[in-house]
Structures are given as structure tokens and as C-alpha cells.
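Asks: Please see the structure below; I have some questions.
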Ligand SMILES: [Zn+2]
């Protein structure tokens, strides 16, 4: 199984930029109405555990919040590889640098080019790691925060967002024909805030299989992923 975890991927943007590979056989929005806020770590932790983790993750320490494999659907796979997944294998150093640059930008101590360069560099690192491990375990889950980070700073700049969405669409294209079960998922969406962007309560999902879902909750994928893991065991 392949899970592409795209932070802040938003259905309206996917449609706007006509990202055909992100819009697979079934795709749509997720329902985040059970959450008070659309917080990144909370939503990924909830996706991984199948439980609403909002009350368990304080804002102050959220970035270092850590789940054990036993708490997640990962335990259902004989072998798995996760790349930079929040609340699990999050690359603290890379994201600290990103958050520091973001803060510096708003204090006029860093340029937008410096911010963009750092996030693209981290993206390329994750992409390289993802494709070098593809096909080598029962599950691979790759996390990419490009749409979130660039979106926060430049949501109103169509050209920049188009580049981001086409990049993510290309990643989706490369996993499309591997024969594996593909799930593309985002934690939340994004809405315009002037030229900037802010989290919206519209998550996104997409799969190369017909799932028959209608506005699924992000916690609902836990059972689906576990069923796929059991099927893999049965056929192997
Ligand atoms: Zn996020």
C-alpha cells in the first residue's frame, strides 16, 4: 500500500490546477467537523490512530508529540516505511528550520525566497527518500508539506501555487501504475487570507480504488487501512 500524505492539499486547488493524478478513481473532501481547530499534528495523529486526538495533544508541545507504532495502523503491516510523518517520524530539525524562517519572515528578518528555498530543499529530500524506498515494504507513507508551507506565505500567488500542485500531481502520477493500493490524503485544506493562506476544515482524499465514501471522517481511514493490510497478508 502507498499513502501519500500531502499537508493542506485542497480539493478546490486540485480542481483549479486540473491535477488529474491527484483526482484518482475516487476523490473528495473529508469531514473535520469533530475537531475544534484544524491543527496539523492533531489531524495526522487522528488519521494514524483512528481516534480524535485533539484533547491529548497540547498546542505548546504539539510538534514533538510522538505515537508508538502500536497506537497506529502501522502495526498491521509486516513491513512499513514512513517518511517525515507528523506525530511519528517527523523530521524535527527540518521543520524547526521552516518554522523559524516563517517567524523571521513575519518579523522582516528573512525573505520569502529564503523560506521557499528551505521548504523546497526539504521537499526534494523527502521525495528522494520516498522513491528510493518505493516497493520495498508492505506500506510506504510519505509526507510532503509543500502545499501547506508555500500556501501559508503565497496562497494568493497563483503561479507559485500552480507549481506546487503540479509537483504533487507528478508524485501521484509516478505511483499510479505500481499496481499498489494508493491513498492520497491531506490533514486539512487551505483558504485565502489576503495573499497568505490559513488552514480550512476541508481535508482531501483520493484513491485508485472505488471506496464508496461520502465525506468520510479522517479517523475513518484507520479501519480501511487495516483491512488492506489484512488482505496483503492473505494474498502474500
Ligand atoms: Zn497541516
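Residue numbers (my numbering): 17 to 252. For glycine and all other residues, C-beta sits at the position ideal for the given N, C-alpha and C.
#1: Who are the near neighbours of residue 164 in its chain, counting only those whose CB is closer than 6 angstroms to its CB and skipping five residues on each side?
#2: Give the straight-line distance between the Cα atoms of residue 246 and residue 228, rounded to the nearest whole angstrom.
#3: How about residue 59 and residue 239: do their beta carbons lie closer than 8 angstroms?
#4: Quick one: residues in its chain with C-beta nearer than 8 angstroms to the C-beta of residue 139, no 5 flanking neighbours on either side, listed in chain order?
#5: Could you check if residue 189 is buried or exposed, using at least 16 other CB atoms within 10 Å of its CB as the buried criterion?
#6: Quick check: the segment 23–41 against the segment 218–227, are at least 3 beta-carbon pairs closer than 8 angstroms?
#7: To the nearest angstrom, how far is the alpha carbon of residue 178 from that of residue 91?
#8: Within 10 angstroms of its Cβ, does residue 211 collect 16 or more other Cβ (buried), or is it exposed?
#9: CB-CB under 6 angstroms to residue 180, same chain, minus the five flanking residues each way: which ones, in chain order?
#10: Let me check one thing: in DSSP terms, what residues is residue 198 bridge-paired to?
#11: Does the distance from the C-beta atom of residue 157 to that of residue 101 stay below 8 angstroms?
#12: For residue 208, which residues in the same chain have their Cβ closer than 7 angstroms to its Cβ, ignoring the five residues on either side in sequence?
#13: Between the segment 60–71 and the segment 116–129, can you find at least three pairs of beta-carbon atoms closer than 8 angstroms?
#14: Quick check: is any heavy atom of ligand 1 less than 7 angstroms from the C-beta of residue 80?
#15: Ignore the nearest five residues each way along the sequence and tell me which others in residue 134's own chain have a CB closer than 7 angstroms to its CB.
#16: May I ask you to report which of helix, strand or coil DSSP gives residue 192?
#17: Taking the straight line between their C-alpha atoms, what separation do you get for residue 62 and residue 232?
#18: State the DSSP-derived secondary structure class of residue 41, mapped to helix, strand or coil.
#19: Specify, as a first and last residue, the run of the beta strand (DSSP E) that residue 11 falls within.
#20: Ligand 1 and residue 204: does the residue's C-beta get closer than 7 angstroms to at least one heavy atom of that ligand?
#21: In terms of residue numbering, what span does the beta strand (DSSP E) encompassing residue 221 cover?
#22: Count the other C-beta atoms from every protein chain shown that fall within 10 angstroms of the C-beta of residue 195, then say buried if there are 16 or more, exposed otherwise.
#23: Hey, would you say the C-beta of residue 61 is under 7 angstroms away from at least one heavy atom of ligand 1?
#24: Given this structure, state the Cα-to-Cα distance separating residue 187 from residue 72, to the nearest angstrom.
Replies: Based on what the coordinates show:
#1: The beta carbon of residue 164 is closer than 6 angstroms to those of 23, 24 in its chain, skipping five residues each way along the sequence.
#2: Residue 246 and residue 228: Cα-Cα distance of roughly 20 angstroms.
#3: No. Outside cutoff.
#4: The residues are 160, 161, 162, 183.
#5: Result: exposed.
#6: Flag = yes, the segment 218–227 and the segment 23–41 touch.
#7: Residue 178 and residue 91: Cα-Cα distance of roughly 37 angstroms.
#8: By the neighbour-count rule (16 or more Cβ atoms within 10 Å), residue 211 is not buried but exposed.
#9: Contacts found: 162, 163, 166.
#10: According to DSSP, which records beta bridges pairwise, residue 198 is partnered with 18.
#11: Remark: C-beta atoms of residue 157 and residue 101 approach each other more closely than 8 angstroms.
#12: Excluding sequence neighbours, residue 208 sits near 171, 172.
#13: Short answer: they don't touch.
#14: Every heavy atom of ligand 1 is 7 angstroms or more from the Cβ of residue 80, so no.
#15: The beta carbon of residue 134 sits closer than 7 angstroms to the beta carbons of 113, 114, 117 from its chain, once the five residues preceding and following it are set aside; these are given in chain order.
#16: When DSSP states are grouped into helix, strand and coil, residue 192 belongs to the helix group.
#17: Those two C-alpha atoms are separated by around 13 angstroms.
#18: Residue 41 falls in the coil class under three-state DSSP.
#19: This structure cannot speak to residue 11, because the chain is shown only from 17 to 252.
#20: The answer is yes for residue 204.
#21: Its beta strand (DSSP E) spans residues 218–223.
#22: So residue 195 counts as exposed.
#23: It does not: the Cβ of residue 61 is nowhere closer than 7 angstroms to a heavy atom of ligand 1.
#24: Looking at the two C-alpha atoms, the distance is approximately 33 angstroms.
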